[in-house]
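Reviewing the structure listed below.
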Amino acid sequence: MEIAIVLILLAVAVLAFSTEKISVDIVTMCCVLILVLTGIITYKEAFAPFGSDFIIMLASIFIVTSAIDSSGVLEQWASKLLKRSPGSKLGLIMPMISITGIFSSVMNNTTVTALMVNPAMAIAKKSGINFSKVLLPLAFASIVGGTCTLIGTSTNVAVNAYLGKNGFTELGMWDFTWIGLILLGVTLLFMAVIGVRMMPERKSEDLTGDYGIREYLSEVKILPNSALIGQVIAQSDIVNMGFSVLAVIRGDRQFAPGENISFREGDIVLVKGVIQQLIAVKQTKGIDIVADTLDFYQEDKGQLRLVEMVIPGRSNLAGRSIAESEFRRKYGMVVVAINREGKSFTEQLGKISLEVGDMLLVQGKDEAFNKLNSHHDLVILGDHTPPVKNLWKGYFAIGFFVLAIIMSSIPAFNIHVSVAFLASAVLSMIVGAVKPDEAYKNIEWKLLVLIAGMTAFGTAMGNSGADTYLAGLIVDWFGGFGPQIVMLGFMILTVLLTQPMSNAAAALVVLPVALEAAEALHVNPMTFAVSVMLSASVSLITPFEPSCIIVYGPGKYKFGDFLKVGGILTMILVAIIYFTVPISWPL
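Those letters in the sequence shown? Residues 1045 to 1631, per the numbering used here, in order.
The structure is reproduced here in structure tokens:
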């Protein structure tokens, strides 16, 4: 009876995970409650995983990586490295996905993908390479990069915790790194040489209309001692940032950017770019948005917000220029940039006659935006105020993170990995790299509940005998083909389950059965465990992974693109796991 209850719950959970009509953490907790109420597991067994060391470790990693990400350090490194890439497809893609893979070996792959998308799109645009050719390799590299270390993905941490809890040998930080590096290397090579040719050319220009990536006209000033001074405009750093230079204003003269014209100190440059690029200007030395340099903000600056607005049909601004409407005096804000669908300007912002539907990027203080309720001239669309970047605190957080990896990897120090990463999280908060309130917000609580709940579910499978029952069926059906073929069957099952479920959940569903099957076949259970764990991180055949979802829109991909390119790559990676894992963990 207990076996039937567990298997029915498992089937219901898989179905619920695949539809996501009910939050995965709620589904998981409902399953745990039913298992406790039916007596299959005790309340102590149900709640033990929620206070376990691996949950503390995962939460700590989320805090440290969020501190590193918010500091802007990795973004700065990535942008500098990508700007040095040659203009060819191979020369652009290889450095980009290599950097992504390296970052994701110790960071959350979704965070890494989000970090890399904007600089990659800017460099691709500058090089004339279609976004569809570069964004899919980026996402795949971030996913597969997690196979390189124990902390590369939450799946690895969860599987290792399950092994330790059930009396199996725990994995070390670098035990499977050589396999992960092979998987990542093959992914890089495949996507740069074969995958890029399989991707169709899709026009990136349609992004503005389809996905709301609006390009704004803005004015940038070349400050004294700027690195831009003397640079030829066509090859300048500002072009490398992804901007289109429309005109240069020098004193009383205004001219188009000629082939051999260089920037000079004090030049006002009319540029067109997306909001993220304008925010990058605000954080780059030597150049500044003209609106930010106005005397209006020299006294009592306070915290300024960057907000996107639209001019509605009833607005009194329509038909008047920014200067004529006395925008700054009337609203207490300055216009940083303007967007008008399908229109490029070559005149200064203050002289442009505004129209209904124009998008304005404006900067001001909180009280200025609060007063807008009394006006009908502007409608707020969204807040784009950039987070405060603090590079030196980011370097502290990176140092703590690296130290935690080293201390937990060397047996002589005798420091458990959860303690090491908890210490790095606490130290990051002490130095101010991340505020405690922000730290808690950056923890993926749903994922922690899912992993802890599914770990308890694994205990229920053992208590009820469901794992033994399923393992017996699989051994009876496929045991005659040899233990390695049975292992391959579990690997394929894991890959398939990661489509409707999260990678961690899929691995924890398959793992108890795989371990029991290995015991029944009298082979090394660690071979099966590592194979299942790595298989959960190489399933690339659908766009349901968060990293793939991030690039799906900007790359204008279709479901079939993932099935075609990701399907072939997944089969190759599964084959590599099949042959390499038994080398380190012989059957």
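C-beta atoms are modelled at their ideal positions from N, C-alpha and C, and glycine is treated no differently.
Beta-bridge pairing of residue i - partner residues as DSSP gives them
i	result
Lys-1415	In the DSSP output, where bridge partners are listed per residue, Lys-1415 has none listed.
Gly-1408	Arg-1349, Met-1377
Val-1557	Partner(s): none; Val-1557 has no beta bridge.
Asn-1383	Met-1403
Asp-1365	Checking the displayed sequence, the identity of residue 1365 turns out to be Ser instead of Asp. DSSP lists Ser-1397 as partners of Ser-1365.
Leu-1552	BP columns for Leu-1552 are empty, so no partner.
Val-1354	Met-1403, Val-1423
Leu-1261	Lys-1316, Ile-1382
Ile-1331	Ile-1266
Classification of residue i by the beta-carbon crowding that lies within 10 angstroms, buried from 16 upward
i	result
Met-1045	exposed
Arg-1372	buried
Phe-1525	exposed
Ser-1579	buried
Ser-1115	buried
Glu-1343	Caution is warranted here: a pLDDT of 40 is assigned to Glu-1343, below 50, making its placement in the model unreliable, and the coordinate value is therefore given only provisionally. Exposed, because fewer than 16 other Cβ atoms sit within 10 Å of the Cβ of Glu-1343.
Glu-1589	buried
Tyr-1596	buried
Val-1485	According to the sequence displayed, residue 1485 carries Lys and not Val. Counting Cβ neighbours within 10 Å, Lys-1485 comes out exposed, since fewer than 16 surround it.
Leu-1314	buried
Gln-1407	buried
Gly-1604	exposed
Glu-1370	exposed
Asn-1434	buried
Pro-1244	exposed
Asp-1520	exposed
Asp-1250	Residue placement at Asp-1250 is poorly supported in this model, since its pLDDT is 42, which falls under 50; the coordinates still yield a value, given next. With fewer than 16 other Cβ atoms within 10 Å, it is exposed.
Whole-angstrom distance between residue j and residue i, CA atom to CA atom
i	j	result
Val-1625	Leu-1631	9 angstroms
Ile-1616	Lys-1479	43 angstroms
Ala-1164	Ile-1141	10 angstroms
Leu-1051	Leu-1559	17 angstroms
Glu-1482	Lys-1437	15 angstroms
Ile-1529	Leu-1059	27 angstroms
Phe-1307	Leu-1613	46 angstroms
Leu-1053	Leu-1225	37 angstroms
Ile-1487	Val-1446	20 angstroms
Phe-1106	Phe-1606	28 angstroms
Phe-1444	Ser-1468	5 angstroms
Ser-1262	Val-1463	49 angstroms
Ile-1585	Gly-1357	46 angstroms
Phe-1501	Thr-1191	24 angstroms
Thr-1252	Arg-1384	Reliability fails at Thr-1252, whose pLDDT of 41 lies under 50, so the model's placement of it is uncertain and no value is given.
Asp-1069	Lys-1209	22 angstroms
Leu-1540	Ile-1282	45 angstroms
Ser-1248	Ile-1173	Low confidence applies to Ser-1248: its pLDDT is 48, below 50, so where it sits in the model is not reliable, and the reading given next is rough at best. Going by the C-alpha atoms only, they are around 9 angstroms apart.
Lys-1490	Ala-1562	31 angstroms
Gly-1376	Met-1235	50 angstroms
Gln-1279	Gly-1401	34 angstroms
Contact under 9 angstroms by Cβ, residue i with residue j
i	j	result
Ala-1183	Thr-1157	yes
Leu-1552	Ala-1202	yes
Phe-1094	Val-1493	yes
Ile-1195	Met-1217	yes
Thr-1231	Ala-1185	yes
Lys-1177	Val-1240	yes
Val-1461	Ser-1472	no
Val-1576	Phe-1534	yes
Gly-1152	Ser-1096	Going by the sequence as given, residue 1152 is Asn instead of Gly. In this structure, Ser-1096 does not lie closer than 9 angstroms to Asn-1152 by Cβ.
Gly-1363	Leu-1393	no
Val-1574	Phe-1098	no
Met-1505	Val-1557	yes
Arg-1633	Gly-1310	For residue 1633 there is no data in the structure shown, the boundaries of the chain being 1045 and 1631.
Ala-1549	Ile-1495	yes
Ile-1078	Ile-1049	yes
Leu-1233	Ser-1149	no
Ser-1365	Lys-1316	no
Asp-1113	Leu-1159	yes
Val-1076	Gly-1497	yes
Thr-1193	Ile-1449	yes
Leu-1290	Glu-1352	no
heavy atom of the ligand GTP below 8 angstroms from residue i C-beta
i	result
Ser-1114	Annotation note on the ligand GTP: not contained in the displayed structure, which lists no ligands.
Chain B within 9 angstroms of residue i, Cβ atoms only
i	result
Ile-1047	Within the model displayed, chain B is absent; a lone protein chain is all it includes.
Self-check item: Length at least 4, wholly inside the stretch 1263–1317: the alpha helix (DSSP H) runs in chain order
Solution: 1281–1284
Quiz item: Hey, which unbroken runs of the alpha helix (DSSP H) at 4 residues or more fall wholly within the stretch 1419–1494?
Solution: Fully enclosed alpha helix (DSSP H) runs of no fewer than 4 residues occupy 1435–1453, 1461–1474, 1480–1485 of the stretch 1419–1494, in order along the chain.
Self-check item: alpha helix (DSSP H) runs contained entirely in the stretch 1169–1217, provided each spans 4 or more residues
Solution: Listed in chain order, they are 1175–1188, 1198–1209.
Practice problem: Starting from the N-terminal side, write out each stretch of the alpha helix (DSSP H) that is 4 residues or longer and does not extend beyond the stretch 1583–1624. | Solution: The alpha helix (DSSP H) runs lying completely inside the stretch 1583–1624 and spanning 4 residues or more are 1590–1596, given in chain order.
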